[in-house]
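**Student:**
Protein chains: 2
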Amino acid sequence: MHLKQSPYIFVESLFSLENWHMKFKVKVLGIEAGRKLMVIIDDKDASLLGVRTSDRVKITYKDKSIIAIVNIATRFPRNTIGVFDEVCSKLGIERGDEVEVYPAKSPESLAYIRDKIFGYELNAQEIKAIVKDVVDQNLSDIEIASFLTTLHVRGTNMDEIEALSRAMVETGQILEWEDHPILDKHSIGGVPGDKTTLLVVPIVAAAGFTIPKTSSRAITSAAGTADRVESLCPVNLSLEEIRDVVKKTKACMVWGGALDLAPADDLFIQVEYPLSIDPLLLPSIMSKKKAIGTDYVVIDLPTGRGTKIKTIGEAQHLARNFIELGNRLGIKVECAVTFGEQPIGFAIGPALEAREALQTLMGKGPIDLQDKAINLASMLLEMAGVDSSRDKATEILRTGKAEEKLREIVAAQGGNQYIKPEDIGIGDKVAKVVSNYDGKVLWINNNDIVQIAREAGAPKEKGAGILLKVKIGNEVVKGDVLFEIYAERSQKLESAFALAEKLKPIGIGQRYDIMIMSRIPARAKQERTFILER
Amino acid sequence: MHLKQSPYIFVESLFSLENWHMKFKVKVLGIEAGRKLMVIIDDKDASLLGVRTSDRVKITYKDKSIIAIVNIATRFPRNTIGVFDEVCSKLGIERGDEVEVYPAKSPESLAYIRDKIFGYELNAQEIKAIVKDVVDQNLSDIEIASFLTTLHVRGTNMDEIEALSRAMVETGQILEWEDHPILDKHSIGGVPGDKTTLLVVPIVAAAGFTIPKTSSRAITSAAGTADRVESLCPVNLSLEEIRDVVKKTKACMVWGGALDLAPADDLFIQVEYPLSIDPLLLPSIMSKKKAIGTDYVVIDLPTGRGTKIKTIGEAQHLARNFIELGNRLGIKVECAVTFGEQPIGFAIGPALEAREALQTLMGKGPIDLQDKAINLASMLLEMAGVDSSRDKATEILRTGKAEEKLREIVAAQGGNQYIKPEDIGIGDKVAKVVSNYDGKVLWINNNDIVQIAREAGAPKEKGAGILLKVKIGNEVVKGDVLFEIYAERSQKLESAFALAEKLKPIGIGQRYDIMIMSRIPARAKQERTFILER
C-alpha cells in the first residue's frame, strides 16, 4: 500500500511521530524525589497533551532533553510544569524558564512486566531491562508495585531468580579482591538479638581467612548488624577505607548501604515494605554476595514459630534454592537451619547487643550465642578446607584470639581498640517488668519483643532496647524480673512499657497448661507481622 | 503476667501507644494531589519518626487531626512537612504553622489486600473496606496497584465480583426513578467508530421506554459516546438537568463522569491504565448500571481479531458472567456478540461519527450501523415485552421517529434541534490515503485506525478522525482512496499521515495471498495494544 500525498497538504519537512508537544513554564517545587525524574502538570493540560498519570514525557530545554514520569494534579497552574530538583539539575532549568514537553513512550521494560502479569516466563534480557529501569528510576512506583506483586503471586523459577540476581549485580558496584577465597556469612533474619556476626567475623579472620562483611541496618527489626557494630566503631566506610581495613585485618564489619552493591534492592524494598511482601529474598541476598566477591558463604536460616521460616521442611526447601542459586553464580553455599523461637542471647537493641557480643568474645557470654557462632564459623572454616574446624573455632573464641581480632577490626575502622563493655552507652531510662506468677517460661514472642524494643527507640536510638532476664525453660517465681526495657527518652520508655503491658511478650506457666495458642474472633482484625530483613 | 512499675520511672499520666510524635513546620506545596491526603517529609525526619514511604501519619493542628500518606523526599528542609492543598484545607493550616505528627497505622483494608495477595478469597465486608478506602483516598497508588495486579493474576470468583460491584455502587451516588422499567445498553468497547448508542437510545425512547443513558469519554480510543454526543449538544449535565431531560424525552445521552456513579472505578482506572490491565471489567460496568437504576440492559460484546474479545467462546463465557452478575444485582442482562473486526460504519472520531449517526437516523447511513442498532434496540424492546420487536425497531428507524426523538433529546440537552449533518464541524485539514494496488480489502486493523485518529487529534479535537472509503471485501484499484484523515491542525495531520504511512492499517490483496499474519523477530519489541474502555 502506498500513501500518496494529497493536494490538501504539503509535506515538505521530515517530521517525526513525536512532534506534538506543548510549551510549559517551569515551577520549581524545591523537592528532591529521591532520584526519580518526576514532573507535575495540571489535569487539563495533561488531557490536551494526551498523557495520564505514570505516562512519560520528553522535556526539552535548549539542547538538553530528558524523559520524566508525569504526575497529574488538579487545579495546578495551567501551562506550568512543576519540577522536582532532579529534573532542574539535569536540564539546568530555573523558575520561569520555558520548556517543551512531548508525550513519550513508556520504557520497554514495562511490556515485560506486563508479560509476567499475563503469565509468561521472563528471559534474562527482559529481566535485565526491568532491573536496569528500576535502578535508572525509569519505572514508577505503580509499575514496580505491580511487578513485585506479580513475582510474589506467580512465583519465579530458578532461571528467573538467577537472571534477577545477575541483573542486580550488574547494575551496581562490583568488588574485586587480590586474595581468595572470600568468606562470608548471612542470616535471612527474623530472630531478635542475633549478634552472631560480631563473633563469626573475628573467629574466621583470626583463623587466617578473608571475610569482608557488609551488613544492613534494621528495616523492621530492633537492630541490624550495621547498627550493632556502630556502637563499637564507625561503619559508614568508603570502598577505599574498606580495602585498607581488610588489608590490615583480613576482615571488616561495615554498612553496605552506601556502597552501591546491588542498588536495585533498596529500590525494591521501598515498595515491598508497604506491601509486606518479599518476593526477591534469594536474588536480593545472593546478588549482594556476588557483588562483594564471595566464594564461600554460610546462610543462616532461623526457623520456627515467630521467624520467617516456620518449619524445617520450608527451611530445607529454601536451603536447596540458595545452594542451587550459588552454584549458578559460582558461589559455594551451605545453609544452617537454626532454632529461632526466642531471641539469641539476652540483649535486643544496638548498644545492648554490641555489649553482649563483646562480653561473649571476652569469655562471659550466653551459651546459645557462643554455640551458634562456633557452629557457623566452623562451617565456614570447613568449607575453606580447615580440618577439625569446630575445635579450631572453639579454640579461637576461648583463647581470646577472636576478641583480639575484633579489637583490631574496631581500631582499623576508627573505633576505640580498648573499648570495654561498660563503655558502650546504653539508655539511662530503665523499666523492669516482673512476673506475676510462679512457673516456667513457656515461650517468648519474638515479634512482641521487637515491637517493644522499637517503641523504646531502637534501632535509631542505639541505647534503647530490651535485656531479657529469662529464656525459655527458666523457672520464675512471682516478682522475678522477666526483662528490662532501656530507653534514651522517658517518653519512649513510657510507650514501650505500655506496649509491653498490652502485648505480654513472655508466657509463664506450667508445661502444657496453656493449650490455646491464638484466638481468632469471627470478625478478626488480625495483627500481622512482616519481617523485611536481608 | 503483671507489669509492675519500677522505681526507675514514674508513670503518672495515662499515656497512649501513639504518643511518640514530632513537631513540624508547615510548608505549603501549592499542589492539589487529587483528593488524596499526602504529605512530604525529609528522609532523616522520617527515620526519626519511624515511618517510611506509604506509611500513614496522624497530623494534629489545634483541635483537628487527619491521617495522611507519607512521601519521603531527600534533602527536604528538616522539621518541615510539605503539605498538598487537600491537607491544608482539611486542617485549616497555613505556611509556618506548627503541627504535631504521629506515626499511624495503615488502614485495615491493606491487610485484606495482603490476604488476596497470599491467595485468600475476600468476603463482602473486606471488599467493601478496600473499595471504601480507595474512594476515601486512604490507599496509596502502590497499594492499589498491588491490589489490581493481584485481582488480575489470581482472578476473582463471582462472589467477589458481586461484592466489588455492590461496594462500588454503595460508595457512590445512586439514581432513583419514578417510572420503571429503566432500559440501558452498553458496549464493552474495542471496535472503532461504534456510534450505535446514538441510534439505539432514540429508537428505544421513541418506542415509549425510558433509557437514561450515561456514557464515558474515550480513554484509549478515538471517541467515547460522550465525545460523539458532544458534537450535537452539551453532555455535562447535572443530575437535576438529567431528570428534566428524561422527563421530557424518556431518554438522555450524557457524560456519566461527573455524576459520582461508582466513583471507585475512575480511581481504579488511573492505576489500571499505566499497567494495561482491566481486572474489574464486570464490576465496573455493572456497578454503573446498578447505580443508575437499570432494570434491563443489553451488553454488546464486539468480538474478533483487533477487539478485546478474540473468540466467540470467550465472548460466551463473558456473557454468562454478565448475566449471572446481573441476576445477583437484580438486573436482567442479555448480551449480543457482534462482529468487531473492522470499524462500525465509515467514520472514526467524535464529530465525524456524530455526523454519520445523524445521517443514518435521517435514512442515509451505512448498512452495518443500521443493522447493529436495530438488533440491539430490538433485543431491548423484546426484553421489555414488545412483540415483533425487530419490526418495531426497524419501523421506528425507517419512518424518522428515531430522528425526531434524537432531535428532542438534543434540544432538551441544550443543543440545536434542527442541526444538519453538515453543521457538525469537522477538521478542515484533510489528507487522502490511496491504494497502490488492485485487489480486495482483506482486513482493517482497528488499533492502527484508532492510533492514526488519535494522532490526528481525536478525541480531544472533536473534528479530527478518519473517514473510511472502503470496508472489508470491497474491490479497489490502484489510486482509489482508502481513507481520509481529518485534523484541526496541520501539525497533527502531518503526524497522523506519517503514522498511517508507517502502520499501513488496511490490507489489500487477492483473497488468501497474504498468509503471514504477523512477523515476530527473535528479539521482539512487540507493540501491544490495550483497550481500556467501559
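Here the protein sequences line up with chains A and B, keeping their order.
Numbering follows the working numbering, with no gaps: position 404 of the first sequence is 536.
Numbering follows the working numbering, with no gaps: position 232 of the second sequence is 364.
Here a beta-carbon is modelled for each residue, glycine too, at the ideal position from N, C-alpha and C.
The model shown is predicted, which means the values in this text are computed figures rather than measured ones.
#1: Can you give the Cα-Cα distance for phenylalanine 662 of chain A and isoleucine 249 of chain B, rounded to whole angstroms?
#2: So who's on the other strand from arginine 188 of chain B, going by DSSP bridges?
#3: If you draw a straight line from the alpha carbon of glycine 389 of chain B to that of serine 348 of chain B, how long is it in whole angstroms?
#4: How big is the Cα-Cα spacing for leucine 625 of chain A and alanine 596 of chain A?
#5: Alpha carbon to alpha carbon, what distance is there between alanine 295 of chain B and proline 395 of chain B?
#6: Where do the ends of the beta strand (DSSP E) carrying proline 434 of chain B lie?
#7: At which residue ranges does the region 521-606 of chain B contain complete alpha helix (DSSP H) runs of 4 or more residues, listed in the order of the chain?
#8: My parser needs the alpha helix (DSSP H) runs of 4 or more residues fully inside the region 483-523 of chain A; what are they?
#9: Spatial neighbours of glutamate 144 of chain B within its chain, please: CB distance less than 8 angstroms, with the 5 preceding and 5 following residues excluded, ordered by chain position.
#10: Please check if any C-beta of chain A sits within less than 9 angstroms of the C-beta of isoleucine 343 of chain B.
#11: Tell me, to the nearest whole angstrom, how far the beta carbon of alanine 205 of chain B is from that of glycine 214 of chain A; I am working on the premise that it is less than 8 angstroms.
#12: Consider the C-beta atom of glutamine 502 of chain A and the heavy atoms of the ligand MN; say whether any pair is separated by less than 8 angstroms.
#13: Does serine 138 of chain A come out as helix, strand or coil in the three-state DSSP assignment?
#14: For phenylalanine 147 of chain A and alanine 563 of chain B, I'd like the C-alpha separation in whole angstroms.
#15: State buried or exposed for serine 521 of chain A, treating a residue as buried only when at least 16 other CB atoms are found within 10 Å of its CB.
#16: Looking at chain A, is there any beta carbon in it that lies within less than 9 angstroms of the beta carbon of leucine 135 of chain B?
#17: Please check the pair lysine 610 of chain B and asparagine 568 of chain B, which I expect to be a contact at CB under 8 angstroms, by giving their CB distance rounded to whole angstroms.
#18: Using a Cβ cut-off of 8 angstroms, pull out every chain A residue sitting near proline 324 of chain B, in sequence order please.
#19: Out of A:Ala585, A:Leu450, A:Met511, A:Gly517, which has the shortest C-alpha to C-alpha gap to phenylalanine 478 of chain A?
#20: Just confirm the distance between the C-beta atoms of lysine 592 of chain A and leucine 180 of chain B, as a whole number of angstroms; I'd bet it's less than 8 angstroms.
#21: Give every residue of the same chain whose Cβ lies closer than 6 angstroms to the Cβ of glycine 182 of chain B, excluding the five residues on either side of it in the sequence, and list them in chain order.
#22: So the candidates are A:Val202, A:Asp217, A:Glu473; which of them puts its Cα closest to the Cα of glycine 639 of chain A?
#23: Suppose you measure from the CA of alanine 337 of chain A to the CA of threonine 381 of chain A; what does that come to, to the nearest Å?
#24: Compute the Euclidean distance between the alpha carbons of leucine 538 of chain B and proline 209 of chain B, then round it to the nearest angstrom.
#25: Does any residue of chain B bring its CB to less than 9 angstroms from the CB of leucine 180 of chain A?
#26: Counting only beta-carbon atoms, is leucine 484 of chain A nearer than 9 angstroms to chain B?
#27: Just verifying my parser: in three-state terms, what is the DSSP assignment at leucine 149 of chain B?
#28: Report the rounded CA-to-CA distance for alanine 383 of chain B versus glycine 425 of chain B, giving the unit in angstroms.
#29: So, with DSSP's three-state summary, where would you put lysine 380 of chain A?
#30: Looking only at its chain, what residues have a beta carbon closer than 6 angstroms to the beta carbon of isoleucine 173 of chain B, apart from the 5 residues adjacent to it on each side?
#31: Return helix, strand or coil for alanine 619 of chain A, following the three-state DSSP convention.
#32: Would you kindly report the start and end of the unbroken alpha helix (DSSP H) that includes isoleucine 640 of chain B?
#33: I want to see whether chain B comes within less than 9 angstroms of tryptophan 575 of chain A, judged by CB atoms only; does it?
#34: In chain order, what residues of the same chain lie with their CB nearer than 8 angstroms to the CB of glycine 356 of chain A, ignoring the 5 residues before and after it?
#35: Taking only beta carbons into account, state which residues of the region 539-566 of chain A come closer than 7 angstroms to chain B, listed in chain order.
#36: Just to confirm, is the Cβ distance from leucine 399 of chain B to valine 267 of chain B under 9 angstroms?
**Tutor:** Looking at the atomic coordinates:
#1: 14 angstroms
#2: B:Ile201, B:Ala236
#3: 6 angstroms
#4: 9 angstroms
#5: 15 angstroms
#6: 428-435
#7: 521-530, 533-544, 578-587
#8: 499-515
#9: Per-residue confidence for glutamate 144 of chain B stands at a pLDDT of 30, beneath the threshold of 50, marking its modelled position as unreliable; the derived number appears in the next sentence. Correct list: empty, nothing qualifies.
#10: no
#11: Wrong, their Cβ atoms sit about 13 angstroms apart, outside the cutoff.
#12: Among the components of this structure there are no ligands whatsoever, and the ligand MN is therefore not found.
#13: Because serine 138 of chain A sits at a pLDDT of 37, beneath the cut-off of 50, its placement in the model cannot be relied upon, and the following sentence gives the value as read from the coordinates. Three-state DSSP puts serine 138 of chain A in coil, outside helix and strand.
#14: With a pLDDT of 35 at phenylalanine 147 of chain A, under the threshold of 50, the modelled position of that residue is not reliable, and no figure is offered here.
#15: buried
#16: Note that leucine 135 of chain B has pLDDT 39, beneath the 50 cutoff, so the model's placement of it is unreliable and the number below is only indicative. Yes, leucine 135 of chain B lies at the interface with chain A (some Cβ there is under 9 angstroms from its Cβ).
#17: 6 angstroms
#18: Per Cβ cutoff of 8 angstroms: no residues; proline 324 of chain B is ~17 angstroms from chain A at best.
#19: A:Ala585
#20: 6 angstroms
#21: Pro235
#22: A:Glu473
#23: 7 angstroms
#24: 60 angstroms
#25: yes
#26: no
#27: Unreliable placement is indicated for leucine 149 of chain B, whose pLDDT of 42 sits below 50; no coordinate value is reported for it.
#28: 13 angstroms
#29: helix
#30: Ile213
#31: strand
#32: That residue, isoleucine 640 of chain B, is in no alpha helix (DSSP H); its beta strand (DSSP E) goes 638-641.
#33: no
#34: Ser347, Ser348, Arg349, Ala350, Pro591, Glu665
#35: Lys561, Val562, Ala563, Lys564, Val565, Val566
#36: yes
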